[in-house]
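A.B. asks: Note that this note's numbering gives residue 195 to position 190 of the sequence shown, counting from 1, and the numbers run on in steps of one. Below you'll find the structure I mean.
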Amino acid sequence: MRQTIILNVDDHEPNRYARSRLLIEAGYFVEEAGTGHDALKSVDACRPSLIMLDVNLPDINGFEVCRRIRENPHSAHTAVLQISASATSDFQRVTALDSGADAYLIEPVDAEVLLATVRALLRMRRAEEALQKSNAALQAANEALRLSNEDLQRFSYAASHDLQEPLRTISSFATLLHRGYRDKLDPEGGEFLTYIEKAASRMSLLVKDLLIYAQVGDQNAYAAKPVAIASVLLQAETNLEQSLAQAEAEVAHGELPTVLGNEGQLVQLFQNLIGNAVKYCALDHKPRVHIKAENHSGNEWLFAISDNGIGIAPDYQEVIFGAFKRLHGQDVPGTGIGLAICRRIVERHGGRIWVESSGVGHGATFFFTLQSCEN
Ligand code: ADP
């Protein structure tokens, strides 16, 4: 293992000698310098772990030497212990620490105190180095993750985009077949055609939702600005107009704030959650949806979208946010991507989303947080 190098800087030779002996006896490798210039040269040449720096040097003042040590990228994080016999005032102590020293001792310094201070500073430096290493590793891992996410993003976008084209062809030829040849097919042939049409429209829904899911993940498409939730809700309700009217659903809300976010994505979020509240309604009563927002911890809004629908059993309250996770068969139309899109949108906005329900038959409340504009 490489021996720890300490650079001992002092123009007073007997002092320098005595300290070097002490350090060598304690197991350190010691380099010496008698002037500020020599000290700065040695810093580059021997890369010490700690510099013991006398304040009164004949050429450059010790405070200035310390500042230059900090400016040098090779020694910016090297531990510096300043020692002075004359600069003993609080002001000088403050100047030393402000110019980058990690500790400041005043002569006469007891040998044990000196060695204990050296050990403490080296411990601090090692901890700092370990932290830097793990930060660098973390940054590298983050970058690799970012690149692979971008790849995946591009892939899913391209895949879902390109899938639409052949799908449109299948759908339009199935429609043509239906219109022009349905009478010529026997009952079994007609049934097969219906399967093709149904599968094509289901596939089209899946591709459309996958495309939305991929787009929500696209960092470049995300631009946050103040968004009034009242306007978001209005747009979501307009998009859901038909299903709301069909189910005779009522959507009520309290006061709604302005948040920081991406308007298009927030419309999608509200639309998916309100759409589900209506879709998963109980058979015996009309859907009633209530939206509430409350200021949570100053810079966050907590939204709650409650319904009086079929509710969700506790075991499924987490899984339903995964892509393609559905609790229903094809009797209820859907792709199982809606809530995965919601989670992606909320997380993109720096928030959290979850559901609470006392179980089947008790309605459900979807909670999510969004950043307030005052951040
Ligand atoms: P989809 O509605 O297309 O199936 P989602 O991802 O939107 O997909 O929802 C996943 C599942 O979560 C649904 O299949 C449904 O079982 C359940 N779910 C979602 N919203 C509600 C709700 N408001 N009440 C009861 N169940 C719900």
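Glycine residues also receive a C-beta, built at the ideal position from the N, C-alpha and C atoms. Because the structure is a prediction, the values reported are computed rather than measured.
What's the call for Pro292, buried or exposed, on a 16-neighbour Cβ count within 10 Å?
C.D. replies: The residue in question, Pro292, is buried, as its Cβ has 16 or more Cβ neighbours within 10 Å.
A.B. asks: Counting C-beta neighbours from all protein chains within 10 Å, is the total for Lys4 16 or more, i.e. buried, or is it exposed?
C.D. replies: Because residue 4 is not part of the residues shown, which for the chain are 6 to 380, the question remains open.
A.B. asks: Less than 7 angstroms separating the beta-carbons of Gly316 and Gly368?
C.D. replies: Going by C-beta atoms, Gly316 is nearer than 7 angstroms to Gly368.
A.B. asks: Could you tell me whether the region 253 to 261 touches the region 336 to 348, using the rule of 3 or more Cβ pairs below 8 angstroms?
C.D. replies: Segments in contact, no.
A.B. asks: When you compare only the Cα positions, how much space is there between Phe68 and His79?
C.D. replies: Roughly 18 angstroms between the two C-alpha positions.
A.B. asks: Suppose you measure from the CA of Leu432 to the CA of Leu28; what does that come to, to the nearest Å?
C.D. replies: The first residue shown for the chain is 6 and the last is 380, placing residue 432 beyond what the model contains.
A.B. asks: Using alpha carbons as the reference points, say which of Ile342, Gly280, Gly341, Val221 lies closest to Asp312.
C.D. replies: Out of Ile342, Gly280, Gly341, Val221, Gly280 has the C-alpha closest to the C-alpha of Asp312.
A.B. asks: Exposed or buried, what is Gln247 when buried is set at 16 or more other beta-carbons lying within 10 Å of its beta-carbon?
C.D. replies: By the 10 Å Cβ count, Gln247 comes out exposed.
A.B. asks: My output table needs one value for Gly185: the three-state DSSP class, helix, strand or coil.
C.D. replies: Helix at Gly185.
A.B. asks: Compare the C-alpha of Tyr3 against each of Leu12, Ile350, Gly41 and name the closest.
C.D. replies: The shown model of the chain, from 6 to 380, leaves out residue 3, and the question about it has no answer.
A.B. asks: Answer with buried or exposed for Pro2, where buried requires no fewer than 16 other C-beta atoms within 10 angstroms of its C-beta.
C.D. replies: Nothing about residue 2 can be reported from this structure: the residues present for the chain run from 6 to 380 only.
A.B. asks: Just verifying my parser: in three-state terms, what is the DSSP assignment at Ile11?
C.D. replies: Strand at Ile11.
A.B. asks: Please classify Tyr218: is it buried, with 16 or more other beta-carbons within 10 angstroms of its beta-carbon, or exposed?
C.D. replies: Under this definition Tyr218 is a buried residue.
A.B. asks: Below 7 angstroms between beta carbons: does that hold for Leu55 and Ala84?
C.D. replies: Yes, the pair counts as a contact, with Cβ atoms nearer than the cut-off.
A.B. asks: For Thr174 and Leu181, what's the separation of their Cα atoms in angstroms?
C.D. replies: Roughly 10 angstroms between the two C-alpha positions.
A.B. asks: Would you please state the rounded distance, in angstroms, between the beta carbons of Val351 and Phe373? I believe it to be under 8 angstroms.
C.D. replies: Going by Cβ atoms, the distance from Val351 to Phe373 rounds to 5 angstroms, so yes, they are a contact pair.
A.B. asks: Determine whether the beta carbon atoms of Trp306 and Val264 lie at a separation below 7 angstroms.
C.D. replies: Contact flag set, yes.
A.B. asks: Given a cut-off of 7 angstroms, decide if Gln137 and Tyr109 are closer than it, judged by their beta-carbon atoms.
C.D. replies: No. Outside cutoff.
A.B. asks: So who's on the other strand from His295, going by DSSP bridges?
C.D. replies: Answer is Ala257, Ser311.
A.B. asks: Taking its Cβ as the centre, do 16 or more other Cβ atoms sit within 10 Å of Thr243, making it buried, or is it exposed?
C.D. replies: Exposed is the call here.
A.B. asks: If you draw a straight line from the C-alpha of Ser161 to the C-alpha of Arg349, how long is it?
C.D. replies: Taking the straight line joining both Cα atoms gives about 15 angstroms.
A.B. asks: Out of curiosity, what's the CA-to-CA distance linking Glu202 and Gly341?
C.D. replies: So the alpha carbons of these two residues sit roughly 20 angstroms apart.
A.B. asks: Going by DSSP in three states, Val60 sits in which element: helix, strand or coil?
C.D. replies: Of the three classes helix, strand and coil, the one that applies to Val60 here is coil, per DSSP.
A.B. asks: Taking the alpha carbon of Ser94 as the reference point, which residue from Ala145, Asp188, Val60 has its own alpha carbon closest?
C.D. replies: Taking only the C-alpha atoms, the option nearest Ser94 is Val60.
A.B. asks: Per the DSSP calculation, Ala84 is bridged to which residue(s)?
C.D. replies: Note: Ala84 sits in a beta bridge opposite Leu55.
A.B. asks: Within 10 angstroms of the Cβ of Phe197, are there 16 or more other Cβ atoms? Answer buried if so, exposed if not.
C.D. replies: By the neighbour-count rule (16 or more Cβ atoms within 10 Å), Phe197 is not buried but exposed.
A.B. asks: Looking only at its own chain, which residues have a Cβ that is under 8 angstroms from the Cβ of Leu211, when we skip the five neighbours before and after it?
C.D. replies: Excluding sequence neighbours, Leu211 sits near Thr340, Ile342.
A.B. asks: Per DSSP, what are the beta-bridge partners of Thr100 in this structure?
C.D. replies: Thr100 is not bridged to any residue.
A.B. asks: Relative to the ligand ADP, is the shortest distance from any of its heavy atoms to the C-beta of Leu332 smaller than 6 angstroms?
C.D. replies: Yes - the ligand ADP has a heavy atom lying nearer than 6 angstroms to the Cβ of Leu332.
A.B. asks: For Gly269, list the residues DSSP reports as bridge partners.
C.D. replies: Beta-bridge pairing links Gly269 to no other residue.
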